[in-house]
Amino acid sequence: MNDLTINTAIEYELPETAVNRHLIAGEWLDGADTFERRSPSHDVVVSVSAQGDAAMTERAIKAARDTFDAGHWSRISGKERAAVLLKVADLIEANVDRIAVFETLESGKPISQSRGEVGGAADLWRYAASLARTSHGDSHNTLGKDMLGVVLKEPIGVVSIITPWNFPFWILSQKLPFALAAGCTVVIKPSEMTPTSTVMMGELLIEAGLPAGVCNIVLGHGQPVGSLMSTHKDVDMVTFTGSTAVGKLITQAASGTLKKVALELGGKNPQVICPDADLDSAADAVTFGVYFNVGQCCNSSSRIIVHEDIAEDFVRRVVALSRKVKFGDPLDPDTQVGAIVTAEHNAKIDSYVQAAVADGAKLDLGGGNLAVGGLGEQFYQPTVISGVSPQMAIAREEVFGPVLVVLTYRTFDEAVALVNDSDYGLSAGIWSENMHTCMDFARRAQAGTVWTNTWMDGFPELAFGGVKQSGQGREIGRYGFEEFLEVKSLVMRIGRSRAPWVQQDA
Ligand code: NAD
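Each residue of the sequence shown is one higher than the last, beginning at 2 in the working numbering.
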């Protein structure tokens, strides 16, 4: 453990505790109770938030429903909606540092990463603004001389947005501007562990001139807030990012009213390393893919499938790089990997590792908590495990920590079979200098995103989402925007040429 690179605590003046309230119909509201979020890295109270209950959730849904039906947002022009979204993008950029500190303290992620995510989110808002103005349906001018058909796109209505703790501001920005661009009104529930950046977003929306009641925020837990947001008859759609287990509960809850459900869930994302790959680049990308956000990332490349001829060499390279990755104080701008979100989650990560070792897997690096000078032990060591069989839980389930699992293959077909032998299908990657190998892989991998000779690059223009138990529907890009639109066919007769159905008396 001594040969890891650890950034111990730096001197830093922590901000005052954030006091977070619900935002409903343009008003900031307290609740009867509150809940606290302590920082996983600094063990201080970062925020005190109003605790949402059923009555507050009902009130938020009513505000969103009434506002949608009144048409103040849903029926204004795309140009007017785009103007507000563009202002929000500017305000995000002006507030990056203020928001990023709270994002880091609540989630444990490095400050450089928080700044990148908050600042980068502005681009999602600008892209969504472009869609607000260019959205259109179809016209059908081939239905006969007396017929014209038009397919209209309309906002789907009231949308519940439920988000997780691992990328609070970024994931909100993968959903909210697209829903708003479409003309929807929303009720948002951020994770109880990271409410503050969503509340700050609410402040920016008001400053940008978003009409009251278009965006409502209820703080609190899955029960009762998230659950009611999934069952309520006045909600037309739920868009959720989080665990597969809760995604299934939401699908069941939404079935009572058959509302639309879009789900972004977990993954067990593989990268295949072929013998002809650029091994330096592949090892660097694998190291990034597994430790980014301490592995608490739906897109974590938590399993690699390496050709057996190069496996030993490749693992050695990844272990050597892992020792250089800077773990430690998330407030240090130099830190690359921060804290684990809760002590319970730290214990869960370790239980996967210990079970694999007990079943005969080999620990090439790490495997245990990490003490960071001045900050305590809610950190986990960079961990690499080989000698893993595809049936072990650590090779199949989402560990959600800085833990890399190494599997090997002999033939390309075997590699593809291992990739697809998963309940999940979020993303997959391949490293090879042969473009035919890459293309063949891209078409056979069961995943919503395939990366060839890269990992985790994304763009607002490209759809994101999973197949199998990684989710349903798509986010961002034109396809993600379309999720928030309903389709209506309009059939128009031209002239009075239709023969009567009922024979008139002579
Ligand atoms: P989680 O499922 O525990 O919680 C997510 C949100 O759902 C929180 O706001 C929570 O309060 C709420 N919730 C809990 N129970 C609910 C219920 N019964 N009804 C409605 N809402 C409820 O997930 P998490 O621990 O916050 O996040 C980690 C998970 O998110 C991982 O599985 C990860 O893979 C996944 N994730 C997926 C993506 C993606 O885009 N595919 C992105 C990030 C995270």
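Each residue gets a CB set at the ideal place from its N, CA and C atoms; glycine is no exception.
Quiz item: When DSSP labels each residue in this structure, what does alanine 183 get in the three-state scheme?
Solution: Here the question's residue 183 lines up with position 182 in the sequence shown. When secondary structure is reduced to three states using DSSP, alanine 183 falls in the helix class.
Exercise. Indicate whether tyrosine 425 and lysine 249 have their beta-carbon atoms separated by less than 9 Å.
Key: Against the sequence shown, residue 425 aligns to sequence position 424. Against the sequence shown, residue 249 aligns to sequence position 248. Not a contact, by the Cβ cut-off of 9 Å.
Exercise. Could you name the residues of the same chain whose beta carbon sits closer than 8 Å to that of glutamate 398, not counting the 5 residues immediately before and after it, in chain order?
Key: To locate residue 398, count along the sequence shown from 1; it is residue 397. Within the same chain, glutamate 398 has close Cβ partners Lys269, Tyr353.
Self-check item: Cβ distance (whole Å) where leucine 376 is taken to contact aspartate 422 below 8 Å
Solution: What you label residue 376 is simply residue 375 of the sequence shown in a count that begins at 1. What you label residue 422 is simply residue 421 of the sequence shown in a count that begins at 1. For a cut-off of 8 Å, the C-beta gap from leucine 376 to aspartate 422 is around 39 Å, too long to register as a contact.
Self-check item: Boundaries (first-last residue) of the alpha helix (DSSP H) holding isoleucine 395
Solution: Position 394 of the sequence shown holds residue 395. Isoleucine 395 -> alpha helix (DSSP H) spans 394-397.
Exercise. Give me the Cβ distance between valine 420 and proline 271, rounded to the nearest whole Å; I'm assuming they're in contact under 8 Å.
Key: Within the sequence shown, the letter at position 419 stands for residue 420. Within the sequence shown, the letter at position 270 stands for residue 271. Contact holds; Cβ gap of about 5 Å.
Quiz prompt | As assigned by DSSP and simplified to three states, the class of phenylalanine 460 | solution = Along the sequence shown, read from residue 1 onward, the residue named residue 460 stands at position 459. Phenylalanine 460 falls in the coil class under three-state DSSP.
Quiz item: For the segment 249-328, which segments carrying the alpha helix (DSSP H) assignment without a break, of at least 4 residues, lie completely within its bounds, in sequence order?
Solution: Within the segment 249-328, the complete alpha helix (DSSP H) runs of at least 4 residues are 280-292, 312-325.
Quiz item: CB of methionine 457 to nearest heavy atom of the ligand NAD: below 8 Å?
Solution: Taking the sequence shown and counting its residues from 1, one reaches residue 457 at position 456. No; taking the cut-off as 8 Å, the Cβ of methionine 457 has no heavy atom of the ligand NAD nearer than that.
Quiz prompt | Extent of the continuous beta strand (DSSP E) to which isoleucine 386 belongs | solution = On the sequence shown, residue 386 is found 385 positions in, with the first residue counted as 1. Annotation: the continuous beta strand (DSSP E) that includes isoleucine 386 extends over 384-387.
Quiz item: Would the C-beta of alanine 246 count as close to the ligand NAD, meaning under 8 Å from any of its heavy atoms?
Solution: Start at 1 with the first residue of the sequence shown, and residue 246 comes out as number 245. Residue side-chain check: alanine 246 places its Cβ nearer than 8 Å to a non-hydrogen atom of the ligand NAD.
Quiz item: Between threonine 384 and leucine 408, which are expected to be in contact by the criterion C-beta below 8 Å, what is the C-beta distance as a whole number of angstroms?
Solution: Working through the sequence shown from its first residue, we reach residue 384 at position 383. Working through the sequence shown from its first residue, we reach residue 408 at position 407. Not a contact, Cβ separation roughly 16 Å.
Quiz item: Looking at the structure shown, is phenylalanine 485 part of a helix, part of a strand, or coil, going by DSSP?
Solution: As a position in the sequence shown, residue 485 is number 484, starting the count at 1. Looking at phenylalanine 485 - three-state DSSP - the assignment turns out to be coil, as it is neither helix nor strand.
Quiz item: Where does methionine 194 sit, in a helix, a strand or coil, going by DSSP?
Solution: On the sequence shown, residue 194 is found 193 positions in, with the first residue counted as 1. Here methionine 194 sits in coil by DSSP.
Self-check item: Whole-angstrom distance between asparagine 167 and glycine 459, CA atom to CA atom
Solution: Mapped onto the sequence shown, residue 459 falls at position 458. Mapped onto the sequence shown, residue 167 falls at position 166. About 17 Å.
Practice problem: Please name the residue or residues paired with threonine 453 in a DSSP beta bridge. | Solution: Locating residue 453 in the sequence shown gives position 452, where the first residue counts as 1. Residue pairing of threonine 453 in beta bridges, as defined by DSSP: Ile431.
Quiz item: Going by the C-beta, is leucine 173 closer than 8 Å to any heavy atom of the ligand NAD?
Solution: For the purposes of this step, residue 173 is taken as the residue at position 172 of the sequence shown. Leucine 173 has its Cβ no nearer than 8 Å to any heavy atom of the ligand NAD.
Self-check item: Simplified DSSP state of alanine 19, which is helix, strand or coil
Solution: Start at 1 with the first residue of the sequence shown, and residue 19 comes out as number 18. Note: alanine 19 maps to strand in three-state DSSP.
Self-check item: Beta carbon of asparagine 8 nearer than 9 Å to that of lysine 325
Solution: Translated into positions along the sequence shown, residue 8 becomes position 7. Translated into positions along the sequence shown, residue 325 becomes position 324. Not a contact, by the Cβ cut-off of 9 Å.
Self-check item: Endpoints, the alpha helix (DSSP H) within which isoleucine 350 is located
Solution: Your numbering for residue 350 matches position 349 in the sequence shown. Annotation: the continuous alpha helix (DSSP H) that includes isoleucine 350 extends over 344-359.
Quiz item: Is asparagine 217 near the ligand NAD, with its Cβ less than 8 Å from a heavy atom?
Solution: As a working note, residue 217 is residue 216 in the sequence shown. Exclusion of asparagine 217 from the 8 Å shell around the ligand NAD follows from its C-beta lying no nearer than that to any non-hydrogen atom of the ligand.
Practice problem: Below 8 Å on the Cβ atoms is my guess for arginine 66 versus glycine 184; work out the distance and round it to an integer in Å. | Solution: Locating residue 66 in the sequence shown gives position 65, where the first residue counts as 1. Locating residue 184 in the sequence shown gives position 183, where the first residue counts as 1. Their Cβ separation, rounded to whole angstroms, is 14 Å, which puts arginine 66 and glycine 184 out of contact at 8 Å.
Quiz item: With 16 as the cutoff for other CB atoms within 10 Å, does methionine 493 come out buried or exposed?
Solution: Position 492 of the sequence shown, counting from 1, holds the residue named residue 493. With fewer than 16 other Cβ atoms from the protein chains shown falling within 10 Å of its own Cβ, methionine 493 counts as exposed.
Practice problem: Return the CA-CA distance between serine 1 and histidine 233, expressed in angstroms with no decimal places. | Solution: The structure shown does not extend to residue 1, since the chain spans only 2 to 507, so no value can be given for it.
Quiz item: Counting pairs of Cβ atoms below 8 Å between the segment 69-78 and the segment 211-222, do you hit three or more?
Solution: As far as the Cβ criterion goes, the segment 69-78 touches the segment 211-222, which means the pair count is three or higher.
Exercise. Can you grab the Cα-Cα spacing for the pair glutamate 14 / glutamate 208, in whole Å?
Key: In the sequence shown, residue 14 corresponds to position 13, counting from 1. In the sequence shown, residue 208 corresponds to position 207, counting from 1. Taking C-alpha positions only, glutamate 14 is separated from glutamate 208 by approximately 28 Å.
Exercise. Can you tell me the Cβ-Cβ gap for serine 40 and leucine 106, rounded? I've got them flagged as a contact below 8 Å.
Key: Along the sequence shown, read from residue 1 onward, the residue named residue 40 stands at position 39. Along the sequence shown, read from residue 1 onward, the residue named residue 106 stands at position 105. That belief holds up - the Cβ atoms of serine 40 and leucine 106 are roughly 4 Å apart, short of 8 Å.
Practice problem: Per DSSP, which residues does proline 156 bridge with? Please list them. | Solution: As a working note, residue 156 is residue 155 in the sequence shown. Looking at the DSSP assignment, proline 156 forms a beta bridge with Leu486.
Quiz prompt | Within 9 Å, strictly: CB atoms of phenylalanine 179 and glycine 368 | solution = On the sequence shown, residue 179 is found 178 positions in, with the first residue counted as 1. On the sequence shown, residue 368 is found 367 positions in, with the first residue counted as 1. Not closer than 9 Å, so no.
Quiz item: Is it the case that the CB of alanine 500 approaches a heavy atom of the ligand NAD more closely than 8 Å?
Solution: Walking along the sequence shown from the start, residue 500 turns up at place 499. Between the ligand NAD and alanine 500, a heavy atom-to-CB distance of less than 8 Å is absent.
Quiz item: Which residue's Cα is closest to the Cα of threonine 186: Asp70, Trp432, Asp414?
Solution: Taking the first residue of the sequence shown as position 1, residue 186 is located at position 185. Considering only alpha carbons, the answer is Asp70.
Quiz item: Which term fits asparagine 347, buried or exposed, when burial requires 16 or more other beta carbons within 10 angstroms of its beta carbon?
Solution: Working through the sequence shown from its first residue, we reach residue 347 at position 346. Asparagine 347 should be labelled buried.
Quiz item: alanine 40 by DSSP, collapsed to three states: which one?
Solution: For the purposes of this step, residue 40 is taken as the residue at position 39 of the sequence shown. Before going on, a small fix: residue 40 reads as serine here, not alanine. Assigned with DSSP and collapsed to three states, serine 40 falls in coil, not helix or strand.
Practice problem: With DSSP as the reference, label glutamate 378 as helix, strand or coil. | Solution: On the sequence shown, residue 378 is found 377 positions in, with the first residue counted as 1. The DSSP-derived three-state label of glutamate 378 is strand.
Practice problem: Say yes only if the C-beta of proline 271 is nearer than 8 Å to one or more non-hydrogen atoms of the ligand NAD, and no if none qualify. | Solution: Numbered from its first residue, the sequence shown carries residue 271 at position 270. The beta carbon of proline 271 sits no closer than 8 Å to any heavy atom of the ligand NAD.
Quiz item: Looking at the structure shown, is histidine 437 part of a helix, part of a strand, or coil, going by DSSP?
Solution: Taking the sequence shown and counting its residues from 1, one reaches residue 437 at position 436. Here histidine 437 carries a helix assignment [DSSP, helix/strand/coil].
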